[in-house]
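Visitor: Residue numbers (this note's numbering): 729 to 1029. Just so you know, even glycine gets a beta-carbon here, dropped at the ideal spot from N, CA and C.
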Amino acid sequence: METKKYTRREFIRNASLTTLTGLSLPILSSCAKEEVEDFLQKHFHEMTEEEKRRVIEKLEQRYFQKYGKQFQISTKEAVPDMLWGYGLELSRCIGCRRCVYACAKENNNSRHDPQLHWIRVLRLRRGNLINLENSEHYYDPDLVPEKGFIYLPVQCQQCQNPPCVKVCPVHATWQEPDGIVVVDYNWCIGCRYCIAACPYKGRVFNWAEPKIPKEEINPIVHYLGNRPRMKCAVEKCTFCIQRVRSGRYPACVEACPTGTRKFGNLLDPKSEIRYIIERKRVFRLKEDLGTEPKFFYFFES
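1. Residues in the same chain with beta-carbon distance under 7 Å from R957, minus the five sequence neighbours each way, listed in chain order, please.
2. Suppose contacts are defined by Cβ-Cβ distances below 8 Å. Is V882 in contact with R848 by that definition?
3. With a floor of 3 residues, list each beta strand (DSSP E) that falls wholly inside the stretch 910-942, ordered by position along the chain.
4. For the beta strand (DSSP E) that L787 lies in, which residues bound it at each end?
5. Quick one: using the 10 Å Cβ neighbour count with 16 as the cut-off for buried, is Y866 buried or exposed?
6. Compare the beta carbon distance of K1022 and G918 with 8 Å and say whether it is the shorter of the two.
7. Just verifying my parser: in three-state terms, what is the DSSP assignment at V981?
8. Using the Cβ count rule (16 or more neighbours within 10 Å means buried), how would you classify P869?
9. Where are the alpha helix (DSSP H) runs, 4 residues long or more, that stay fully inside the stretch 869-916, in chain order?
10. Just mark N862 as buried or exposed, buried being the case when its beta carbon has 16 or more other beta carbons within 10 Å.
11. Sort V764, Q798, R1009 and T803 by Cα distance to E904 and report the nearest one.
12. Helix, strand or coil for V972, going by three-state DSSP, please let me know.
The following block contains the structure:
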């Protein structure tokens, strides 16, 4: 008899139903050993260092078998006295989307069927910045920038008061001490409450098994960031947690050809991001919602 393969959502749903009805859990016997271990894994915050080490070793072996590369999976914690903030100068953005593709390459996003991006670049007619409903997500001119248009890149706004965290029923997403909102893909049950709660469309859902060419996989990853995801998990921008906690800029910042993107420590009064906030014409998206984004858009004074 062929063993049925359950998705993460099916597993949690069926397990919940059988528990409520007082029955045993036959679904456990239908899953492979590694699937059961994944689902019964402790919450990341509850694991000891030794338990984390074992989880990392297991994942590295699994990824090597799948991709033929030796992964380096970090669990590096937040650096003390850091609160990461992002600045984006709209007067410089040319809509080239290099940030989009640099992000996808760095963060092991699915390339096709489905193609998933954590950054969206919206095209708006100049003078119409407040009407985001009329923006275009898909545009393909011969050359950019186009006369009469302005471009607005949007990604996770890394809110200080994130509504996505509040609605997660299993605490699979949370805010780290350095302000980065992360997702533990092993704990995510794919309910998509966080996607519905996010007013910025900053999260995406893997409807199918992500597809990444083996030669393009990035093996330098963080457990809470750019490690390969699975079907029926939610994912999002993490400010390239695997890079910033090692003293590097996010990939999108490095890839921008016009210097549009800025990044730094909001707690450092001498940082570039603080200089921008204090001296430029700054705004945040949907400030009236009280989400307190740490993503700041600005124009030259």
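Guide: According to the structure shown:
1. As a first step, residue 957 is located in the sequence shown; it is residue number 229 there, counting from the start. So the qualifying residues of the chain are Y913, N934, P938 and E963.
2. Here the question's residue 882 lines up with position 154 in the sequence shown. Here the question's residue 848 lines up with position 120 in the sequence shown. In contact: V882 and R848 (Cβ atoms closer than 8 Å).
3. Complete beta strand (DSSP E) runs here, min 3: 931-933.
4. Counting from one through the sequence shown, the residue named residue 787 turns up at place 59. Element bounds for L787: not the beta strand (DSSP E) but the alpha helix (DSSP H), E777 to Y795.
5. Position 138 of the sequence shown holds residue 866. Here Y866 is exposed: its Cβ has fewer than 16 other Cβ atoms, across all protein chains shown, within 10 Å.
6. As a position in the sequence shown, residue 1022 is number 294, starting the count at 1. As a position in the sequence shown, residue 918 is number 190, starting the count at 1. Not closer than 8 Å, so no.
7. Here residue 981 corresponds to residue number 253 of the sequence shown, with the count starting at 1. Three-state DSSP puts V981 in a helix.
8. In the sequence shown, the residue the question calls residue 869 occupies position 141. Classification for P869: exposed.
9. Fully contained in the stretch 869-916 are the following alpha helix (DSSP H) runs of length 4 or more, in chain order: 891-895.
10. Here residue 862 corresponds to residue number 134 of the sequence shown, with the count starting at 1. In this structure N862 is exposed. Its beta-carbon is surrounded by fewer than 16 other beta-carbon atoms within 10 angstroms.
11. Here residue 904 refers to the residue found at position 176 of the sequence shown. Nearest to E904 by C-alpha distance, out of V764, Q798, R1009 and T803, is T803.
12. Along the sequence shown, read from residue 1 onward, the residue named residue 972 stands at position 244. For V972, the three-state secondary structure derived from DSSP is helix.
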